Amino acid sequence: CSSNPTPCKDPPDKLFTVHGLWPSNVNGSEPKKCKTTILNPQTITNLTAQLEIIWPNVLNRRAHVRFWRKQWRKHGTCAYPTIADDMHYFSTVIEMYITKKQNVSEILSKAKIKPEKKFRTRDDIVNAISQSIDYKKPKLKCKNNNQITELVEVGLCSDNNLTQFIDCPRPFPQGSPDFCPTNNIQY
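Counting from 117, one number per residue, gives the positions in the sequence shown under the numbering used here.
As structure tokens, then:
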């Protein structure tokens, strides 16, 4: 939250939450808005309690549904045939987070890397996560906040059937505002 230009509406939890489930093309690009569809309101009603915990809108805690609707339209509609519909999309996110061990905060905590505003190396963070995802490479995103580089996002990548982890393609290049340096990453 502190690295984002849009002020958060309430203090963020000291957890990584889901940002999305995004399909990618073989070349690593992300397709967007693949088909016109409307989110079934009953889908969200049935899953709201779980989604608010693992996939909140951290920038506006009163606009979760709008955020989820946007994620479904922009990314979920491109996941067919692996993801059949909106209910399958959101329940897959919940399953991946809870049962497929994709809770990044928990993974880091088990490696004794906790959100204590300590400085870490990129290798320490990547290795801790990699050990929990079949030794595949995650994609880290950092932001510079008042001369301090903060870890703000961790991407985990899987195959097109969502059955096994793969190395994440296209890490942020040096010079990118999202690049994580070798040392001095605050978490």
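The C-beta atom is built at its ideal place from N, Cα and C for all residues, glycine as well. Since the structure is predicted, the reported quantities are computational estimates derived from the model, not experimental observations.
- Cβ neighbours of Glu222 within its own chain (closer than 6 Å, five residues either side excluded): none.
- DSSP places Gly192 in the helix class (H, G or I) of the three-state scheme.
- With at least 16 other beta carbons inside 10 angstroms of its own, Asn173 counts as buried.
- Contact check between the segment 188-208 and the segment 251-265: fewer than three CB pairs, one atom from each, fall below 8 Å, which does not count as touching.
- Check the Cα spacing between Ser292 and each of Trp138, Cys273 and Leu256: the tightest is with Leu256.
- Rounded to the nearest whole angstrom, the C-alpha separation of Phe235 and Ser225 is 15 Å.
- The closest CA to that of Thr153, considering only Lys253, Ile282 and His191, is found on His191.
- Of the residues Asn176, Cys194 and Ala165, the one whose Cα lies closest to the Cα of Ile210 is Ala165.
- In the three-state reduction of the DSSP assignment, Ser292 falls in the coil class, being assigned neither a helical nor a strand state.
- For Thr153, the three-state secondary structure derived from DSSP is coil.
- By DSSP's assignment, Glu232 forms no beta bridge with any residue.
- With a cutoff of 8 Å on beta-carbon distance, Cys273 and Leu267 are scored as not near each other.
- The alpha carbon of Gln280 has as its nearest neighbour, out of Ser246, Ser145, Cys150 and Leu155, the alpha carbon of Ser246.
- Per the DSSP secondary-structure output, Lys259 pairs in a beta bridge with Glu266.
- Under DSSP, the beta-bridge partners assigned to Gly271 are Lys255.
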